[in-house]
Amino acid sequence: MRPAERSYDRVVPRAAAEIDVPDVVTNAHHGLSAHEVVLLLETDRHRGLSRPEAAKRMARFGPNTLPDAPRAGWPMRLLRQLHNPLIYVLLVAGVVTAVLAEYVDSAVIFGVVVINALVGFVQESKAEAALEGLRSMVRTQARVVRDGGERTVPSDELVPGDLVLLDAGDKVPADLRLIQVAELRVNESALTGESAPVAKDEVVLPEGTPVSDRRNMAYSATLVTAGSGAGIVVATGAETEVGAIHRLVGAAEDLATPLTRKLSRFSRILTVGVLVLAAATFAVGYLRGQDAAEMFTAAIALAVGAIPEGLPAAVTITLAIGVSRMAKRRAVIRQLPAVETLGSTTVICSDKTGTLTENQMTVTTIWTPDGRFEVSGTGYAPTGTIGESSGATADSEQHQALRWTLLAGAACNDATLHRDDGRWTIVGDPTEGALLVAAAKAGLDRERIARLLPRVATIPFSSHRRYMATLHRDSGSASAADRVALVKGAVEQILDLCPTALRADGTTTPLDRDAVLTAADELAARGLRVLATAVRPTAAPAEFTVDSLAAGLIFTGLQAMLDPARSAVPIAVESCRSAGIAVKMITGDHAATAAAIATRIGLVDPRDDESALTGGELDALPPERFAETVDRTHVFARVSPEQKLRLVEALQARGHVVAMTGDGVNDAPALRQADIGVAMGAGGTEVAKDAADMVLIDDDFATIEAAVEEGRGVFDNLVKFITWTLPTNIGEGLVLLVAIAAGAALPILPTQILWINMTTAVALGLMLAFEPKEPAIMTRPPRDPGQPLMTGSLVLRTLLVSTLLVAGTWWLFEWELAHGASLAEARTAAVNLFVVVEAFYLFSCRSLTHSAWRIGLFSNPWITGGVALQAVGQVAITYLPVMNTVFDTAPIAVDSWLRIAAIAAVASAVVAVDKRLRRPSRSSGTTQSIE
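No gaps in the numbering here: position 624 of the sequence shown is 618 in our numbering, and each next residue is one more.
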């Protein structure tokens, strides 16, 4: 199809409908020749657009920015805190009690609601900034040609058809179809995940070529590392590849976390139960002929009593404590529920570059005709050694082939090594940076090399020649006129120029080409990138030409490098597996590189012969097999941002709780979609950090293991709180129901119920948030995502304790009345019984499977302090006259306290027996869940 025949489907704004400018074609520009693109966009490859034309196109297409993200205002965020069935019941109860002139009760109820809402509002993460992060990434300055003259403009002002100039160090300001390149290399790792810079050219590519292989395109937000070039702007703003990722991030569903889903379901079930119980109370009393208004008040009291008012605050505070604990382990939580989500994670999908690896190319092996050397140390820090096969440290001064291999790699080099704030960084091509670091480990730093071999001339790297050559003055030579040519490049190209090879003693020997190629193939099979180096003495700069290098070079050796795995990753991967968590690598890098790293970190067993599944192979899978194949595959390579998102969705469809780690722009959609997104703090882009729920300060995958451990502990403590608080709430409701059904006086009053619920929740229940993690927490499998908060055994235990409370309360209440106590004294005894039983039960709830003695009765000092504080409160409500007046209580005698303690001890013993009897089935994972 010729350019004039191509269809345009971009929507034209009405205000600009009469402006005569070309549309942006929707077909792939990499599939067109540079001439076709120039014609299609009605521009000039030498003069660019005119300023008036650029202004027209700006009016048509808008600025080169990404759309603003919609954000909720603070009133809406505050109202969201009330979106909970339990809160709805409390609000209704507060209104009804106010109408009935029970102002104290109403004030307390509304106070509870306001406190819970404020706590949630303060702790909730502020508006998502992922889209703003994408916008800030693409803001830069651009060199553009307009009216035939070069000028610098903000990238916001670029329009389709602009002619943009690129040089090393520039950030690409828009999507460009390259029309001219001079050894141009672009680092696209943030966009595609490929670790090595991509060499660019002008060749026409098939339209189906994936983004990572479009070498005639330069994409917005990527970085030019070497060379220069020029390109025509073919897409701006939301139409760029970064804009496509922007749309994916914006469209990604904000999934409820496992915790919020479980709490929502739990709240709905509990709300229905409370309403049914309250309705039953009203119906029973009314049918017995009691006053309807009194029964309505009693039903409201029962509802208030049965609702665990402290649960929302307890959840928030427990999660906040988990946030604090994780921060100490170098993991920063941006979304509170993410603390618990990690604890329920079943699959971790990890990006490779910068997450499992250092994102710093490192030379690991040097091969010469007389020996093979292993290089220790990773990253750009020049610390490490070069060792021989025997284990001894190699002496580059004595081994001439090794020495000149290192010198050629470091001197025939345009990168520079810097140390900023204690961190080593590279300016330039990461591959050249790796060669600099390798030489520095042998004592050949850049300054020393500059003194030994001052550069005289350069033949730059060419994608056609596939090598770079430099000419140096040899300051160590006796003759000041002596020069030496150094060359580095692709193995085959260097070998074609070398009839001889350098030996360790400095002599030369005929080149054994087969031996070199065998060594190179062996290194490449390990996922290493291999470069060859050569040297040639020469007399004068006039001899330094491409033709003069066509023969006569002396081969020195090979340097093999890779982006190494982080040292702690293999242990972390194994720990995750021990905890029942699958780890999958998802990267935009090449399949061979991904497979090599996966083998090194123990992600795949080399004996299993498992290869990486590529993005093209994923697209070819039948839809019915996609999710199953993804579930059983460990390594995915050459994967686009859209495919990463699809992989996460497929795993979620299989019932997995997915954690996604990443550091680049290309990871942002999947980070947003995952149940928990984990970004790298030091090396990650702002886009990834803003899209994530958690940021690893040290960029260490091993930190995830620690975060999972903390997350499991947080969930345990939340379940312990719910298991502890529900028996009291249910018991209070049942006590009132029994009293109304029997036509008897209420053993506890509504205001007393509120006192019990709020004071015990703060002084007793919240202390469980500080409970240490139980032993062997990382040896058990992840929780079933479909399992409710309360398993069948915990529901039965809750009913058991509730029954004990109801029976004990009624027995004590009737005993006190039968032995001459006033109604206020009997109610005071009942209130204290509830609190004391809760205190005894609190120690039992510190572990849901083991006895309090086994885990240490006083190993959580917060529990001891909370019990002491609650005891002071109970003494106050029992014996202080002002408290007696407000809460209708009265002082009780010592023998009443003895009866209270005896009932609490019996209840505690019964719970201990129940825990002992149920322990085997629970530990074996066979306990049945009750929805």
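Glycine is no exception: its CB is placed at the ideal position from the N, C-alpha and C atoms.
Range covered by the alpha helix (DSSP H) that runs through Ser569:
Val563 to Ser572
On the three-state DSSP scale, how would you describe Ser890?
helix
Mind checking Thr955: buried by the 16 CB within 10 Å criterion, or exposed?
Since the displayed the chain opens at -5 and closes at 925, residue 955 lies outside it and no answer follows.
Give me the DSSP bridge partner(s) of Cys343.
Lys578 and Met654
With Thr339 and Ala770 assumed to form a contact (beta carbons below 8 Å), what rounded beta-carbon distance in angstroms separates them?
The Cβ separation is near 18 Å, so there is no contact.
Gly373 and Thr356 closer than 8 Å at C-beta
yes
I believe Thr803 touches Phe764 by the beta-carbon criterion, under 8 Å. Please report the beta-carbon distance rounded to the nearest angstrom.
With a Cβ gap of about 29 Å, Thr803 and Phe764 do not count as contacting.
Skipping 5 residues on each side, what residues in its chain have a beta carbon closer than 8 Å to that of Gln117?
Legend: pLDDT at Gln117 = 48, less than 50; position of this residue unreliable, no value from coordinates given.
If you draw a straight line from the alpha carbon of Ala123 to that of Lys165, how long is it in whole angstroms?
Unreliable placement is indicated for Ala123, whose pLDDT of 41 sits below 50; the coordinate value is still reported in the next sentence. So the two alpha carbons sit approximately 22 Å from each other.
Around the C-beta of Glu486, are 16 or more other C-beta atoms found within 10 angstroms, so that it is buried, or is it exposed?
exposed
Sort His458, Val540 and Val369 by Cα distance to Asp195 and report the nearest one.
His458
Which residues bound the alpha helix (DSSP H) around Gly29?
The question names Gly, yet the displayed sequence has His at residue 29. First-last of the alpha helix (DSSP H) with His29: Ala28 to Leu34.
Can you tell me whether Glu144 is helix, strand or coil according to DSSP?
strand
Throw me the rounded Cβ distance for the Ala215 and Val236 pair, which I believe falls under 8 Å.
5 Å
Assess contact between the region 591 to 601 and the region 643 to 660, defined as three or more Cβ pairs (one per stretch) separated by less than 8 Å. Is contact present?
no
Can you tell me where the alpha helix (DSSP H) holding Ala53 begins and where it ends?
Arg45 to Phe55
Buried versus exposed call for Asp415 [16 or more other C-beta atoms within 10 Å across all chains shown]:
exposed
Which partner residues of Ile226 appear in the DSSP bridge assignment?
Leu157 and Arg171
Taking 7 Å as the cut-off, does the CB of Val341 come closer than this to any heavy atom belonging to the ligand HEM?
With respect to the ligand HEM, the structure shown offers nothing to examine, as it has no ligands at all.
Straight-line Cα distance separating Lys482 from Asn58:
40 Å
Would you kindly report the start and end of the unbroken beta strand (DSSP E) that includes Ile698?
Where Ile698 is concerned, there is no enclosing beta strand (DSSP E), although the alpha helix (DSSP H) it sits in stretches over Ala696 to Ala736.
Contact between the region 22 to 30 and the region 203 to 212 (3+ Cβ pairs under 8 Å)
yes
Rounded to whole angstroms, what's the CA-CA distance from Asn854 to Met761? Just pull it up for me.
8 Å
Ala332 versus Ala701: straight-line alpha-carbon distance, rounded:
10 Å
So what's Lys909 in DSSP terms, helix, strand or just coil?
helix
Could you tell me if Asp778 is buried or exposed, where buried requires 16 or more neighbouring beta carbons within 10 angstroms of its beta carbon?
exposed
Quick one: what does DSSP say Ala212 is sitting in, helix, strand or coil?
strand
Where DSSP assigns a beta bridge to Phe630, which residues make up the other side?
Ile580 and Leu607
According to DSSP, what are the bridge partners of Met555?
Val357 and Arg523
Could you tell me the alpha carbon to alpha carbon distance between Ala823 and Ala862, rounded to whole angstroms?
19 Å
Given Ala815 as reference, the closest of Val789, Val888, Ile453 and Lys909 once Cα atoms are compared
Val888
If we count the other Cβ atoms within 10 Å of its Cβ and call it buried at 16 or more, is Tyr2 buried or exposed?
Bear in mind that a pLDDT of 27 at Tyr2, under 50, signals an unreliable position, so the number given afterwards is only what the model happens to contain. Exposed, by the Cβ-count rule.
Between the CA atoms of Val800 and Ala277 - distance to the nearest angstrom
21 Å
Measuring straight from C-alpha to C-alpha, what distance separates Val907 and Gln637?
53 Å
Is Leu639 closer than 8 Å to Pro617 when the C-beta atoms are compared?
no
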